[in-house]
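Enquirer: Quick note, the sequences are listed as chains A and B, same order.
Counting from 1, one number per residue, gives the positions in the first sequence under the working numbering.
Counting from 113, one number per residue, gives the positions in the second sequence under the working numbering.
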Amino acid sequence: GESVGLHLPTLSVQEGDNSIINCAYSNSASDYFIWYKQESGKGPQFIIDIRSNMDKRQGQRVTVLLNKTVKHLSLQIAATQPGDSAVYFCAGLRGGYQKVTFGTGTKLQVIP
Amino acid sequence: GAVVSQHPSRVICKSGTSVKIECRSLDFQATTMFWYRQFPKKSLMLMATSNEGSKATYEQGVEKDKFLINHASLTLSTLTVTSAHPEDSSFYICSASTGDYGYTFGSGTRLTVV
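(1) List, in chain order, every chain B residue whose beta-carbon is nearer than 8 Å to that of Lys99/A.
(2) Taking the alpha-carbon of Gly59/A as reference, which of Ile77/A, Leu66/A, Asp84/A, Gly43/A has the nearest alpha-carbon?
(3) Enumerate in chain order the residues of its own chain whose CB-to-CB distance from Ser117/B is below 6 Å, with the five nearest sequence positions on each side excluded.
(4) Determine the burial state of Gln14/A: buried for a count of at least 16 other Cβ atoms within 10 Å of its Cβ, exposed for fewer.
(5) Is the shortest distance between the beta-carbon of Lys42/A and the beta-carbons of chain B less than 8 Å?
(6) Could you name each continuous beta strand (DSSP E) segment of 3 residues or more that falls completely within the region 25-55 of chain A, going from the start of the chain to the end?
(7) Under 7 Å between beta-carbons, which chain B residues line up against Gly105/A? List them in chain order, please.
(8) Compare the C-beta of Phe217/B with all C-beta atoms of chain A and state if any pair is closer than 8 Å.
(9) Which residues in chain A have a C-beta closer than 8 Å to the C-beta of Arg222/B? List them in chain order.
(10) For Thr104/A, which of Phe46/A, Asp31/A, Trp35/A, Ala29/A has the nearest alpha-carbon?
(11) With 9 Å as the limit, tell me which residues of the region 201-212 of chain B have their beta carbon closer than that to any beta carbon of chain A; keep them in chain order.
(12) Cα separation between Ala24/A and Thr106/A?
(13) Looking at the structure shown, is Glu199/B part of a helix, part of a strand, or coil, going by DSSP?
(14) Is the beta carbon of Ala79/A closer than 8 Å to that of Arg57/A?
(15) DSSP puts His72/A in a beta bridge; with which residues?
(16) Enumerate in chain order the residues of its own chain whose CB-to-CB distance from Phe33/A is below 6 Å, with the five nearest sequence positions on each side excluded.
(17) What is the residue span of the beta strand (DSSP E) that Thr216/B lies within?
(18) Are the CB atoms of Phe102/A and Leu156/B within a distance shorter than 8 Å?
(19) Please report how far the alpha carbon of Arg94/A lies from the alpha carbon of Ser219/B, in whole angstroms.
Structure, rendered in structure tokens:
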């Protein structure tokens with residue numbers, strides 16, 4: 001199966017600063033990656049995704065970077081806000097195989 | 113956008129009883145739904161993949177007789193925790209595939225067995 005893991009369990013960031021959350025994956029066959037945000041007591045919410053034929057994708061205040069050479073992806077959040085406080089998961093899938101494997105998760109704490 | 117409704121959001125039951133959790137896709141048809149379990153401060157663990165009209169596929173180590181999954185229609189999958197015990201207390205989350213790698217998650221069900 002797929003193995004997707006995160007480097008840091010907790011990240012504390014000052015409000016207004018940029019946040020970078022990292023994720024490593026082991027299966028080079030993974031061709032699609034998703035970042036999810038999970039607030040306490042709620043289900044995961046989709047943030048942004050990226051296909052393996054891209055190395056960067058931008059959304060509103062978020063950017064995902066994919067480095068296939070080292071099997072690493074990151075989520076960058078610009079101007080971090082208190083509402084960004086949550087646990088962030090990366091997930092990987094490979095073509096046609098629908099099972100989503102989640103990483104351990106990184107808890108983002110925004111300091112006001 | 114695609115919406116998945118999960119019900120109930122919280123349930124407390126007595127040990128030995130059964131609890132049913134529903135997962136509905138409100139504005140799309142989901143041929144495949146997934147059930148996850150999440151322990152405090154842990155990641156989501158996939159329990160089973162539910163396909164409409166066929167038997168669910170369970171992950172290794174998940175007791176199929178304990179966690180009964182039914183996917184009778186394209187918009188509804190249910191998870192029944194049978195003869196629940198305190199160790200079954202957890203946060204259960206469903207998700208539905210919208211096709212083309214799209215996935216939408218329910219809001220989760222907090223099960224407490226006393």
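In this text, a Cβ means the ideal position worked out from N, Cα and C, and glycines have one as well.
Expert: To lay it out plainly:
(1) For this step, residue 99/A is matched to residue 99 along the first sequence. Counting only Cβ-Cβ distances below 8 Å, Lys99/A has contacts in chain B at Phe146, Leu158, Thr161, in chain order.
(2) Counting from one through the first sequence, the residue named residue 59/A turns up at place 59. In this structure, Ile77/A is the residue among Ile77/A, Leu66/A, Asp84/A, Gly43/A with its C-alpha nearest to the C-alpha of Gly59/A.
(3) Translated into positions along the second sequence, residue 117/B becomes position 5. Correct list, in chain order: Arg136, Leu138.
(4) Along the first sequence, one-based indexing puts residue 14/A at 14. Residue burial is scored here from C-beta neighbours: Gln14/A has fewer than 16 other C-beta atoms within 10 angstroms and is therefore classed as exposed.
(5) Position 42 of the first sequence, counted from the first residue, corresponds to residue 42/A. Taking 8 Å as the threshold, the shortest C-beta distance from Lys42/A to chain B falls below it.
(6) Fully enclosed beta strand (DSSP E) runs of 3 or longer: 30-38, 45-51.
(7) On the first sequence, residue 105/A is found 105 positions in, with the first residue counted as 1. Within chain B, the C-beta atoms nearer than 7 Å to that of Gly105/A come from Ser155, in chain order.
(8) Counting from 1 along the second sequence, the entry for residue 217/B is found at position 105. Yes, Phe217/B counts as interfacial toward chain A.
(9) Looking up residue 222/B in the second sequence gives position 110. Taking a Cβ-Cβ cut-off of 8 Å, the neighbours of Arg222/B in chain A comprise Gly41, given in sequence order.
(10) One-based indexing of the first sequence puts residue 104/A at position 104. Ranking the options by Cα distance to Thr104/A, first place goes to Trp35/A.
(11) Only Phe203, Ile205, Cys206, Ser207, Ser209 from the region 201-212 of chain B bring a Cβ to less than 9 Å from some Cβ of chain A.
(12) In the first sequence, the residue the question calls residue 24/A occupies position 24. In the first sequence, the residue the question calls residue 106/A occupies position 106. The alpha-carbon separation between Ala24/A and Thr106/A amounts to approximately 12 Å.
(13) Counting from 1 along the second sequence, the entry for residue 199/B is found at position 87. Three-state result, Glu199/B: helix.
(14) One-based indexing of the first sequence puts residue 57/A at position 57. One-based indexing of the first sequence puts residue 79/A at position 79. The answer is no: Cβ separation not under 8 Å.
(15) Counted from its first residue, the first sequence places residue 72/A at position 72. Looking at the DSSP assignment, His72/A forms a beta bridge with Ala24/A, Asn67/A.
(16) If you number the first sequence from 1, residue 33/A lands on position 33. Ile50, Leu73, Gly92.
(17) Here the question's residue 216/B lines up with position 104 in the second sequence. Where Thr216/B is concerned, the enclosing beta strand (DSSP E) stretches over 214-217.
(18) As a working mapping, residue 156/B is identified with position 44 in the second sequence. As a working mapping, residue 102/A is identified with position 102 in the first sequence. Closer than 8 Å, so yes.
(19) Numbered from 1 along the first sequence, position 94 holds the residue referred to as residue 94/A. Numbered from 1 along the second sequence, position 107 holds the residue referred to as residue 219/B. Cα to Cα, the separation comes out at about 25 Å.
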